[in-house]
Each structure stands twice: as structure tokens, then as C-alpha cells.
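Novice: In UniProt numbering, the protein residues as written are 1 to 319. Ideal Cβ positions, reconstructed from N, Cα and C, are used throughout, including at glycine. Just so it is clear, the structure is predicted and the values come from calculations on it, not from any experiment. Before we start, here is the structure in question, set down as C-alpha cells.
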Amino acid sequence: MASEGEAMEVEPTPTTETVEQAPAAIAGDEEDIDDLAELLNSVEDESNSDHDAKVAILSSILTEERNRFGPKASSIKERSIYALARAFCHSNQYQEVVNLLTGTTCAPFFTNATKAKCAKVVRAVLEIICTLAPSQLDMQQQICNNIIAWTETEKRTFLRQRVQAKLASVLFLQNKFGEALTLVDKLLVELKKLDDKQLLVETHLVESKIHHGLRNMPKSKAALTASRTCANAIYVAPGLQSSIDSMSGVLHCEEGDYNTAHSYFLEAFEQLDNLEADGKVEEGSALSCLKYMMLCKILDSLTKALKLSAQGGVGEYNT
């Protein structure tokens with residue numbers, strides 16, 4: 001909402017002189033970004049295997065002295081940030097990854113980009129890092145903490161909440177259930193006030209996983225139900241929906257309802273298989289769901305066989 005001072009501002013009536021100058025201003029706004037595009041293309045060329053040269057070129061694009069941040073220049077710089085994150089991950093330069101978003105290299109971009117664009121880029125970089133370096137949980141935690149500290153200084157609440165949700169997931173993977181649950185509880189209080197359903201879906205899902213890790217099944221089921229309720233009110237991306245279905249399958253397995261669990265794992269498998277075919281998730285994501293489906297069938301058949309055996313319906317000891 002605009003402030004009182006902004007609300008009182010009145011746009012000046014255009015004079016003949018300003019109208020005549022308008023086309024010249026528009027022409028002046030058109031940026032020449034051919035040099036940036038050429039530099040980025042040279043980095044994306046697969047025949048170029050010089051890592052240090054790639055990093056130097058990408059850094060020069062982001063810190064170029066002309067400070068071009070028009071739509072085309074911003075798009076090139078955004079792609080450069082993603083390419084730089086991938087380059088550091090591929091070369092195992094994890095300290096450079098930690099400093100990437102909060103260091104001087106990306107500072108000009110974040111200063112000139114909109115808050116929504118900053119949030120998009122930060123989340124995309126985090127996804128790249130988590131995909132390319134899934135086992136580097138300490139590094140992921142450090143990156144999240146650095147970004148959260150930066151967002152608090154810059155008062156970027158929207159981005160802070162999303163990074164905190166990611167940090168909760170990382171803490172869960174580190175088996176730091178107490179820290180993760182404390183963070184999630186505080187975050188949920190904020191999100192419920194804002195009614196941010198998209199982030200509520202993700203955060204309740206993490207909460208469900210944490211309670212499952214703590215072997216608190218009633219709270220885990222309640223959190224998953226809350227996640228599904230929020231998901232029913234909005235569009236949920238297939239990747240997130242597959243995570244919800246997988247968690248539902250896990251909880252039904254805990255209850256011994258293997259047939260229903262199989263159905264949920266099947267839903268998750270189909271979605272992940274499509275995403276894997278499109279290259280949107282890492283290879284092998286769907287395979288784990290397929291294994292769970294097979295285990296559910298085995299356990300379901302075993303349960304039925306044991307019940308039949310207990311009733312004296314099989315074997316030479318049948319009475």
C-alpha cells in the first residue's frame with residue numbers, strides 16, 4: 001500500500017515539450033546487451049571446459065560497470081547467477097556457493113531487482129544447490145542462515161519466510177528435529193496470519209515429516225491433513241503434490257493399511273515419472289516410489305497370509 005506521502009503525489013500534466021521528448025527517452029532506454037549475451041553464450045558453450053574462465057566471465061557479467069538492469073540485461077544476469085551456482089557445485093567449491101548470494105558478486109543484481117524477482121532467484125539457486133549437492137547439508141544450512149540474516153537486515157519478510165521453510169527441511173534431513181520443529185512452529189504462526197496457502201502447504205508437510213521422525217503419529221497425521229486442506233484451495237505443483245502423496249503412503253504404512261499406502265505411492269510415482277521424463281527432478285526419484293509400491297504389495301500379501309495361517313487355513317497343521 002502506498003504511504004500517505006505517495007498518495008498525495010499528483011502526476012504532472014504532460015506538456016507539448018515532454019510529449020515531444022517521450023520517443024527520444026524510450027529510444028534511450030533501449031540497452032545494448034549484445035556483449036553480455038555473447039559472454040553468456042561463450043560460457044554455455046559445452047566445448048568450453050575451462051572452469052576458472054567460466055567463473056571469471058560470469059562474475060564479470062554480474063559486476064559490469066555499466067550497471068545495465070533493463071528486462072533483457074536482468075534476464076541475462078539471472079541466468080548468470082544460476083550458471084555460477086552450478087559451476088561452483090560441479091567443482092565442489094562449497095564456500096564459494098555459501099558466499100554467492102550474500103557476497104559482492106550478486107549485490108548489484110539484488111539491489112536493482114524487484115523483491116519478487118529476488119525471491120524467485122534465491123529460491124531457484126537453493127533448489128540448484130540442493131539438487132547438485134544433496135549431501136552437503138551443513139553447507140545448505142549455512143547458506144540459508146546467511147540469507148535469513150540478510151533478509152532481516154533488508155526487511156524482506158516474504159523471502160525470509162520462504163528461506164526459513166527451506167531451512168526447516170534441511171534441519172529435518174540433518175535429524176535436528178527439535179530445532180526444525182521450533183522453527184516451523186514460529187513460521188506457521190506468521191503464515192496463518194498472512195494466509196499464505198502455498199507456503200502453508202509446504203511448511204505443514206515439513207511439520208508432518210518432523211513429527212513422523214519423532215514418532216508422534218497423531219501430530220504427523222494432523223499436520224499432513226492441514227497441508228492437504230491448504231492444497232485443496234490452490235494449485236499445487238506436481239513435485240509438491242507427489243511429496244504429499246508419498247507422505248500419505250508412509251503414514252498409512254505405519255498404520256498397516258498397505259493397500260491404501262500402495263495407492264498413494266502409485267499417485268506419487270506417476271507424477272514423478274512424468275517430471276523425471278521432462279528433466280524436472282533428479283533421475284531415480286520415481287524409482288523409490290516404485291520400490292515402496294512393491295513393498296506394500298508384499299506386506300499386504302504377507303499380512304493376509306499370516307492371518308490365514310493363524311486361523312489354521314494353510315499347511316499340514318490345518319485343523
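Using DSSP with H/G/I as helix, E/B as strand and the rest coil, what is A237?
Specialist: Here residue 237 refers to the residue found at position 237 of the sequence shown. Three-state result, A237: coil.
Novice: Does the CB of K304 have a neighbour CB from chain B at under 8 Å?
Specialist: Here there is only one protein chain, and chain B is not present.
Novice: What beta strand (DSSP E) runs, 3 residues minimum, are completely inside the region 58 to 92?
Specialist: If we require 3 residues or more, the region 58 to 92 turns out to have no beta strand (DSSP E) run fully inside it.
Novice: Pull up the distance between the alpha-carbon of K125 and that of Q311, whole angstroms please.
Specialist: For the purposes of this step, residue 125 is taken as the residue at position 125 of the sequence shown. For the purposes of this step, residue 311 is taken as the residue at position 311 of the sequence shown. The residue asked about is misnamed: residue 125 is Val in this sequence, not Lys. Cα to Cα, V125 sits roughly 58 Å from Q311.
Novice: Going by alpha carbons, who is nearest to S59 out of C118, H90, K72, L101?
Specialist: Along the sequence shown, read from residue 1 onward, the residue named residue 59 stands at position 59. Measuring from the Cα of S59, the nearest candidate turns out to be L101.
Novice: If you run the structure through DSSP and keep just helix, strand and coil, what is T114?
Specialist: The sequence position of residue 114 within the sequence shown is 114, counting from 1. If DSSP states are grouped into helix, strand and coil, T114 belongs with coil.
Novice: Going by DSSP, what residue range makes up the alpha helix (DSSP H) through D34?
Specialist: As a working note, residue 34 is residue 34 in the sequence shown. Start and end: 34 to 44.
Novice: What is the DSSP secondary structure of V281, counted as helix, strand or coil?
Specialist: Residue mapping note: residue 281 aligns to position 281 of the sequence shown, counting from 1. In this structure, V281 counts as coil in the three-state DSSP scheme.
Novice: Just to check my reading of the structure: A286 and L272 have Cβ atoms closer than 8 Å, yes? What is that Cβ distance to the nearest angstrom?
Specialist: Taking the first residue of the sequence shown as position 1, residue 286 is located at position 286. Taking the first residue of the sequence shown as position 1, residue 272 is located at position 272. So it is a contact: roughly 4 Å between Cβ atoms.
Novice: Report yes or no: do three or more beta-carbon pairs, one from the region 301 to 310 and one from the region 266 to 283, lie closer than 8 Å?
Specialist: Touching, no, given that fewer than three Cβ pairs across the two stretches are closer than 8 Å.
Novice: Candidates F69, V170, D50: which alpha carbon is nearest I129's?
Specialist: Translated into positions along the sequence shown, residue 129 becomes position 129. Closest option to I129, Cα to Cα, is V170.
Novice: I'd like the list of long-range same chain contacts for residue 336, defined as Cβ closer than 8 Å, with 5 residues on each side in sequence excluded.
Specialist: This structure does not reach residue 336, given that the chain is present from 1 up to 319, and the question cannot be answered.
Novice: Return the CA-CA distance between K77 and A113, expressed in angstroms with no decimal places.
Specialist: The residue given as residue 77 occupies position 77 in the sequence shown. The residue given as residue 113 occupies position 113 in the sequence shown. Cα to Cα, the separation comes out at about 11 Å.
Novice: Got a sec: does the ligand ATP put a non-hydrogen atom nearer than 7 Å to the Cβ of G256?
Specialist: The ligand ATP is not part of the structure shown, which contains no ligands of any sort.
Novice: Let me know the secondary structure DSSP gives D245 once reduced to three states.
Specialist: Your numbering for residue 245 matches position 245 in the sequence shown. Here D245 sits in helix by DSSP.
Novice: In this structure, how does DSSP classify E31 when only helix, strand and coil are distinguished?
Specialist: As a first step, residue 31 is located in the sequence shown; it is residue number 31 there, counting from the start. E31 falls in the coil class under three-state DSSP.
Novice: Spatial neighbours of S309 within its chain, please: CB distance less than 6 Å, with the 5 preceding and 5 following residues excluded, ordered by chain position.
Specialist: If you number the sequence shown from 1, residue 309 lands on position 309. Closer than 6 Å at the Cβ level, and outside the excluded window around S309, lies no residue.
Novice: So, are the CB atoms of K209 and F158 less than 8 Å apart?
Specialist: Here residue 209 refers to the residue found at position 209 of the sequence shown. Here residue 158 refers to the residue found at position 158 of the sequence shown. It is not a contact, given that the beta carbons lie outside the stated cut-off.
Novice: Output the boundary residues of the alpha helix (DSSP H) element that contains N146.
Specialist: Counted from its first residue, the sequence shown places residue 146 at position 146. Here the alpha helix (DSSP H) through N146 covers 137 to 154.
Novice: Taking 8 Å as the cut-off, decide whether the C-beta atoms of R162 and A133 are in contact.
Specialist: The sequence position of residue 162 within the sequence shown is 162, counting from 1. The sequence position of residue 133 within the sequence shown is 133, counting from 1. It is not a contact, given that the beta carbons lie outside the stated cut-off.
Novice: Comparing C-alpha positions only, which one of L39, H51, A168 sits nearest to E179?
Specialist: By one-based count along the sequence shown, residue 179 stands at place 179. Among L39, H51, A168, the Cα nearest to that of E179 is on A168.
Novice: Tell me the rounded alpha-carbon separation between A85 and F109.
Specialist: Residue mapping note: residue 85 aligns to position 85 of the sequence shown, counting from 1. Residue mapping note: residue 109 aligns to position 109 of the sequence shown, counting from 1. The straight-line gap from Cα to Cα measures roughly 15 Å.
Novice: So, does the region 222 to 234 touch the region 253 to 260, judging by three or more C-beta pairs under 8 Å?
Specialist: No, because fewer than three Cβ pairs between the region 222 to 234 and the region 253 to 260 fall closer than 8 Å, the two stretches do not touch.
Novice: If the criterion is Cβ atoms closer than 8 Å, does the pair I234 and K197 meet it?
Specialist: Indexing the sequence shown from 1 puts residue 234 at position 234. Indexing the sequence shown from 1 puts residue 197 at position 197. Yes; because the gap between Cβ atoms is below 8 Å, this pair is in contact.
Novice: For H51 and M139, I'd like the C-alpha separation in whole angstroms.
Specialist: The residue given as residue 51 occupies position 51 in the sequence shown. The residue given as residue 139 occupies position 139 in the sequence shown. Their backbone Cα atoms lie some 21 Å apart in a straight line.
Novice: How would you label T131, buried or exposed, when you count the other beta carbons within 10 angstroms and need 16 or more for buried?
Specialist: Reading the sequence shown from its first residue, position 131 is the one you call residue 131. Looking at its Cβ environment, which holds fewer than 16 other Cβ atoms inside 10 Å, T131 is exposed.
Novice: For R228, report the span of its alpha helix (DSSP H) as first-last.
Specialist: Against the sequence shown, residue 228 aligns to sequence position 228. Taken as a continuous stretch (DSSP letters only), the alpha helix (DSSP H) holding R228 covers 217 to 231.
Novice: Near D29, which residues of its chain fall below 8 Å by C-beta distance, leaving aside the five closest residues on each side in sequence?
Specialist: If you number the sequence shown from 1, residue 29 lands on position 29. Since pLDDT at D29 reaches only 46, below the 50 mark, its modelled position is unreliable, and the value read off the structure follows with that caveat. Hits under 8 Å: G70.
Novice: Rounded to whole angstroms, how far is the Cβ of V250 from the Cβ of H212, which I believe are closer than 8 Å?
Specialist: The sequence position of residue 250 within the sequence shown is 250, counting from 1. The sequence position of residue 212 within the sequence shown is 212, counting from 1. Going by Cβ atoms, the distance from V250 to H212 rounds to 7 Å, so yes, they are a contact pair.
Novice: Rounded to the nearest angstrom, what separates E276 and E267 at their Cα positions?
Specialist: What you label residue 276 is simply residue 276 of the sequence shown in a count that begins at 1. What you label residue 267 is simply residue 267 of the sequence shown in a count that begins at 1. Spanning the two alpha carbons is a distance of roughly 14 Å.
Novice: For F269 and E65, I'd like the C-alpha separation in whole angstroms.
Specialist: Mapped onto the sequence shown, residue 269 falls at position 269. Mapped onto the sequence shown, residue 65 falls at position 65. Rounded to the nearest angstrom, the two C-alpha atoms are 49 Å apart.
Novice: Using 8 Å as the threshold, is the C-beta distance between L181 and I244 below it?
Specialist: Taking the first residue of the sequence shown as position 1, residue 181 is located at position 181. Taking the first residue of the sequence shown as position 1, residue 244 is located at position 244. Against a cut-off of 8 Å, the Cβ pair of I244 and L181 comes out as no contact.
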